[in-house]
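Residue numbers (my numbering), protein chains in the order written: chain P, 1 to 999; chain Z, 1001 to 1496.
Cβ atoms here follow ideal geometry from the backbone N, Cα and C, with glycine treated the same way.
Keep in mind the model is a prediction, meaning the values are calculated, not measured.
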Amino acid sequence: MNYKSVNKCFLRCFFVIISIFLGCMNGFAQFRVSGKITSENRETLIGVNVLVKNTNIGTLSDIEGRFSLDVPDKQSILVFSYVGYATKELSVDGNSELNVMISESAELLNEIVVIGYGSQRKSDLTGVVSSIKSEEIQKFASANITQALQGKIAGVQVTSGSGRPGEAPVVRIRGTGTLNGASPIYVVDGLILDNIDFLNASDIASMEVLKDASAAAIYGTRGANGVIIISTRQGTKNTKAQVRFNAWQGLQQPAKLLLLTNASEYGTLVNELSNKAVFADPKSLGQGTDWQNEIYRNAAFSNYNVQISGGSDLMTYSISGDAFLQDGIIKSSYFNRYSLRINNTYQVSPFIKIGHNVSYVQSAANREPGGIVFNAYAADPTVPAVDSDGNFGNTSVLSNVSNPAAQFKYNAYNRSSGQQMAGNAFIDVNPFKSLTLKSSIGFNSFSNKSKSFEPEFFVNDKQRNPESRLFVGNSQSSDWQWENTAVFQKDLKQHRFTLLAGYTVQSRQGEFLGGSRNRLIGDTEDFYYLNAGDAQTATNYQGANTPERYESYLFRTNYAFKDKYLVTFSFRRDGSSKFGSEKRGGNFPSLALAWRAKEESFLKNLEGLSNLKFRASWGILGNDKIPTGAAIPTVTNNLSAVFGPEEALIFGASLITLANPFLQWEESRSLNGGVDIGFFDNRLTGEFDVYHRLTSKILVPVPIPDYVGSAGNPYVNAADVVNKGLDITLNFQNKEGKFNYKFSVLGSFIDNKVISLGSTGNALRDVVVNGDFATLTQPGFPIGSFFGYKVAGIYQNAEEIKKYPNNNPVKPGDLRFEDINADGIINAKDRTWLGSPIPTFNYGFNLEFSYGGFDFNADFNGVYGNKILNAKKMFRGFGIPNFESSFLNRWNKDNPSETDPRITNGGYPNFVVSDYFLEDGSFFRLRTLGIGYTLPQNLIQKIGIKSLRIYARANNLFTWTKYSGYTPEVGSENVLQVGIDRGIYPLAKTVVFGVSCNF
Amino acid sequence: MKNIFPPFRLILFVIGLLLYPSCGEDFLQVKPLGEINAQNFFQEEKHGAWAVNAIYNQLRSWDLVSFPYLGMTDMVSDDAVKGSFPADAERLNAFEDFTYDSRNPEDIRQTWKGYYQGIFRANVAIDGIPKIPKMNESLRKKWLGEAHFLRAHFYFNLVRWFGSIPLITRPLTQDEFYTQERVNTGKVYDQIKSDLIIAISNLPLKSTLEPVDLGRATKGSAAGLLAKVYLTQSDFANAAKWAKEVIDSKEYSLYPDYARLFRREGENGVESLFEIQATALEASYAAATPFNMVQGVRGSPNLGWGFNNPSDDLVRSYEPGDPRRDATVLYVGEVLPDGSGVIEDNPSMENERYNQKAWVESHPGLQDNGPGNIRILRYADILLIAAEALNELNNPTEALKHLNQVRQRARGTRTTVLPDVVSVDKVTLRERIWKERRIELAMEQQRWFDLVRTGQVEKTMKNLGKNFIKGKHDLFPIPQTEIDLSEGKMVQNPGY
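In structure tokens:
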């Protein structure tokens, strides 16, 4: 069965399940209230949230703005809330018909924001929490929802590591605190995860980013790099089934191709560097093969999503199905994901609610042939992809890489398929009104199967495979988490308290199993099973990851006095199995204060000012993102040796890597001060935050001298780093007649500095490029700064070589480095700080307009102040790879360049780490451009549709940057290795057309 | 429905859940799965065997037997050129042209790293085996002997390449990582010698090895290596003494057929003092080395990459009719040693010829699955050490005996070639012995060390028109990464 038919079958089942569900639904009435909701200018409002205060009973207004709701008693208070409008409370007072008018509010002070282990009114927030809603999340056509955060939330930087379909971007919140694993954690409906690749955009109700210590401290050990809380869509009580359907299809193409030399240019350069006529007449070679054209393509992608939600007074339901199908812009690569989600709650008694959020995801992907991006970059352009006899050209003689076109024929089968089940089931008990006890069991079970096959083939003596080979691998992991919390809430006139106490445990473990065989009995997919291979060639492996366990106690209190003075205190005690028994526990307190100055009598009536709030917070957070074995040295097996007349392989094992039993928590202490301000009924709002975060005892695998003899770098608590920053968000929105518009601007300034190094006091160096460490981490400079020579010019002649003596032999035409220490000789001591890979300024700029049924939006984002090391240009490999066109500016007798060296093929000085290869990483990108049209209701009502919107959207359309690579976004999970472009799967620009409708 | 108070039991249950006591210390105490952890290592006898086998395992790694090793032994010497296609691994030309520096090619760093990782494994064994609580004491002694021998082997190559180096004799602790300095070569040699003395006293004679232990270091391996160490230090009395010790042990003799010595039948034979053991398994390449692949015939019949080609100078330097030339060099058109085919011309190769000593018969798997043992120390080497040392000690008669034994085996039944050397003039004889070493051990990764040791390197390289600088190129540069990480505690070799 192929994937398409699986897909069909899946969708069919899905609809059957949904119809069964809908058939079962009914409700029970107590006292029915109905009515109509309009805006100040008497427009009917659809989808207004109507809730009985202090209960979960609620509904949404329908297409005519009408609602109908069963309330517990005739004195119930109804709460009406709607995006863009002020929340209104109204007592039923025995009326069965209520007509309600709600007024617009540019900012929603009473919007509910999800925080760790609970939720809060936005006006009550003391910490720094930014929220992004479902509409925004769906704007970016990507398999990974974190892409939606880029340029949307001040202080959050999202960097696409590569354009490979389905691949997760690198996310940094408020700079780089740690030297290792600086990514935030994700909390999906309460479940703590490191990876959210399985989520699809349509299922998300909101994402909340907890940026400061006060907000994140409740996540203790794992909060140091920020927390992203994700809530999936739920049904609403007492609502008729709502069907939402969203589908789009689009096209992707490489956002940019590189300028490489063509055949005659390459021939000229090869002759020049070899000092002989390797090619008799380079001019005659013409354009030759453009290898980039051989591997890239315009690729289709699409997304289909159906969601049905609703509820009776005893239950809510939300069921959705989603298919995300993406072909990669490199031939043969694709990523398809099918997901199903069921989020239900059941009121089993007046004081007990149970529920579950469950998602099941199946994915299938094919990875591009290994190394193909580099091979297309490096392949000899004088060689045809396929020659006139139909044979693949031999790219191994000069450029010494595989023929990329042949790789698609022989190395294209790299399949993987995954299945993931993640979710939780919970019970909420309200023994009395002010107390909620909650127990939740979460789980995440994941299994992945991979297969790759290479047939027997011969392209040339280097690119060949004399025996067909099959590799298979299976991995499985299962996590569980048990969370118990008690929340006590009390309002006493001027005092409001919320107390939270909880206990959680979490466990993760995984296993893997795989093997290979050669000489398969057939070459087609139906033979890709180990049993079809020769058992004599069998290999296998199986193992388990060291389990990870956590046990934590948490406590938080929120207190509000007169709704003006707000205090939050939280405390978490964590135990983690990753550390040695002496260092296992960690305590993480935080405190936050806020003052809603606008509520003071002296400001209450101030014309124009609609909100003013000051916030301050302090807290300690932890980070334990290290491999589980880092504290426990293990013995490596299978270091075997051959002995005896039979030449038997005799088992050997030893310690080959040092580990550090003294590892302990990395700690970050942060201070945050902020102001929220609003003017003109909150049409203009601003949020300003300054922060200071000191990360001490950072956990890092320290690059140690090779003479130590350890096969890997041991982790140590090595250094202290400070991030100082300023986050600014400004929003302006207004409405004139049918014309709505909204602008927002956000910016964050980051100053990242290493304060001190660990006990050895040694600077940290990492990433060896052509024999030198390319990055240096030392006090007073940003983490992972570039380090190397500064180019002063080009040696024009022998006199200049005498004048600027160099420790190593140089020739006219070579790069001349600056004599930094002015000792009269250019040597290794003249290397210096060259720049930082961390932008000093991240910014975003968003516009939205709508007029009648038309809407338009444009999102821009950019970074400023960082450098990128073009390491792919420095790598000369095992032959003479193709050149970037910039090499044509080379120095030679006819062109005495002062900036570009003579053509060489590696080595000192022209290919060592210097600012010659360092480029400006700043960019400004039109990230999203969207237009949409919502059809008039009178047109579509007849066919039973509540709303219908058609839209077109483009992502990554333009990027303004000086960087010469595929994309200036060069991410890395390891913060000592950021900004080094070794040739990545390029970014795509995309255009999609879609339709969304509600029934 | 009235909002009534829930059953008392239910409240108790939920509060019970919340107050559920800690899972306990056991919950957070996890063990690595499928692996032993360091605290449990060296608790049983077999752990000692594992740790020693793991040192031998390192001998087969890429860093120790391929580009890095061949580049810094044969290619840099007058015996060999880079080989393969001109553009293939072009960076290795630096060894031929003396253009290598502290960064490029990175193969120098790989050598440095690979050898120190071997030393690490030896140190772990030397540190751990004495701690094994209960075990057969003679085994303990033997395993420690092997570990000491292997550590000496690693340090001996390092000190000859790099000069003074950090001397690490136990696993370092965190605060010692950056504090190591280069110690002078004398101290390194003292350590090598003391390791070898321990090995000599701990290890069995080759003839008393259990058959299953064939290939492990023996008393003879250690004594032979010690002789070479003394020769390198120009301590001729001790060199002669230890070479004689090997010779007089009667454990070894010359294999009758020089050409076949390097085939599989010659592995671990009568002439072998120490070899890196390898074989080609059917299923995995876990027992192989890249040594044969890197030097194998490029093209048809396809066995390898065609690197490390015998140089014109080497080919010229054989005495007329010396059969060792054909046993060392594979030419285009030549029938393969096992008669399985003829070497076809590969038009992309310049000066196409191959190292026949690294050539292997067909075997399971691809060329990656190189099964050939790599000869480290053989009896002919010992005889020539003895000859050289005795000549220096003014005993030409004895020296000639050993020298001519080597020539005699080389000429075999032929009578017209390689006549016995008769000169007793010290200087002439010295030259003859050096020349014999070059020819006898050609393409066996010995030549560079001999050139440097005997002080011939500058003249030899100048004669070949190479840009050799005395006082610089006698030693390889310390990798720049090491200098940088030590923050200047390690000082670079002169000239780099």
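- Under the 8 Å criterion on CB atoms, GLN1480/Z is classed as interfacial with respect to chain P.
- Around the CB of THR1208/Z, fewer than 16 other CB atoms lie within 10 Å, so the residue is classed as exposed.
- At a C-beta separation below 7 Å, THR777/P has no neighbours in chain Z, since its nearest C-beta there lies roughly 12 Å away.
- Interface annotation for the stretch 617–651 of chain P against chain Z: THR628, GLY629, ILE632, PRO633, THR634, VAL635, THR636, ASN637, ASN638, LEU639, SER640, ALA641, VAL642, PHE643, GLY644, PRO645, GLU646, GLU647, ALA648, LEU649, ILE650 and PHE651, criterion Cβ-Cβ distance under 9 Å.
- Residues are counted here when their Cβ sits less than 8 Å from a Cβ of chain Z; for the stretch 746–769 of chain P these are SER759, THR760, ASN762, ALA763, ARG765 and VAL768, given in chain order.
- Of all residues in the stretch 394–414 of chain P, only VAL397, LEU398 and ASN400 come within less than 7 Å of chain Z when Cβ atoms are compared, listed by chain position.
- Excluding residues up to 5 positions away in sequence, PHE527, ALA532 and GLY533 lie with their Cβ nearer than 8 Å to the Cβ of ILE521/P in the same chain.
- Between SER399/P and GLY879/P, the beta carbon gap of about 5 Å places them in contact (Cβ cut-off 8 Å).
- In terms of Cα proximity to ASP93/P, the closest of SER34/P, TYR304/P and VAL675/P is SER34/P.
- MET1072/Z and PRO986/P have their C-alpha atoms some 39 Å from each other.
- Here the alpha carbons of PRO714/P and ASP1175/Z stand approximately 12 Å from one another.
- Counting only unbroken stretches of 3 or more residues, the beta strand (DSSP E) elements lying wholly within the stretch 385–470 of chain P are 413–432 and 435–454, in sequence order.
- Taking 8 Å as the threshold, the shortest C-beta distance from ILE656/P to chain Z falls below it.
- Under the three-state reduction of DSSP output, TRP595/P falls in the strand class.
- Of the candidates SER710/P, PHE453/P, SER274/P and GLU43/P, SER710/P places its Cα closest to the Cα of GLN1117/Z.
- When Cβ pairs closer than 8 Å are counted between the two stretches, the stretch 1265–1275 of chain Z is seen not to touch the stretch 1228–1237 of chain Z, the count staying below three.
- Secondary structure at MET1293/Z: helix, using DSSP grouped into helix, strand and coil.
- Beta bridge pairing from DSSP links SER748/P with ASP727/P and ASN842/P.
- Relative to the Cα of ALA1358/Z, the nearest Cα in the group ASN1292/Z, PHE1156/Z, TRP1242/Z and ARG1140/Z belongs to ASN1292/Z.
- Cα atoms of LYS803/P and ILE825/P: separation of roughly 10 Å, rounded to the nearest angstrom.
- At least 8 Å separates the CB of PHE1162/Z from every CB of chain P.
- With respect to chain P, the C-beta atom of TYR1255/Z has no partner C-beta closer than 8 Å.
- For THR934/P, DSSP records a beta bridge to ARG949/P.
- Each of ILE984/P, PHE679/P, THR546/P and ASN660/P was checked against the Cα of GLU607/P, and the nearest Cα belongs to PHE679/P.
- Inter-segment contact for the stretch 1476–1491 of chain Z and the stretch 1181–1188 of chain Z is present: three or more beta-carbon pairs are separated by less than 8 Å.
- Counting only residues of its own chain and dropping the five nearest sequence neighbours on each side, GLU1388/Z has a CB closer than 8 Å to the CB of LEU1231, PHE1236, ALA1239, ALA1399, ARG1430, ILE1433, TRP1434 and ARG1437.
- Under the 8 Å criterion on CB atoms, LYS1113/Z is classed as interfacial with respect to chain P.
- Ranking GLU687/P, PRO547/P and ARG174/P by CA distance to the CA of GLU1035/Z puts PRO547/P first.
- Going by beta carbons, LYS139/P and THR899/P fall outside the 8 Å limit.
- Among the residues facing chain Z, SER577/P is included, as its CB has a counterpart in that chain under 8 Å away.
- Cβ-Cβ separation between VAL156/P and ILE173/P: approximately 5 Å, consistent with a contact (criterion under 8 Å).
- For the stretch 534–546 of chain P, the residues whose beta carbon sits under 7 Å from a beta carbon of chain Z are, in order, GLN536, THR537, ALA538, THR539, GLY543, ALA544 and THR546.
- At least one CB atom of chain P sits nearer than 8 Å to the CB of ASP1213/Z.
- For ILE228/P, the enclosing beta strand (DSSP E) has its first and last residue at 227–232.
- The Cβ atoms of PHE786/P and LEU918/P lie closer than 8 Å to each other.
- Taking 3 residues as the shortest admissible run, the stretch 1300–1379 of chain Z contains the following complete beta strand (DSSP E) segments, listed from N- to C-terminal end: 1307–1310, 1329–1331, 1353–1355 and 1374–1378.
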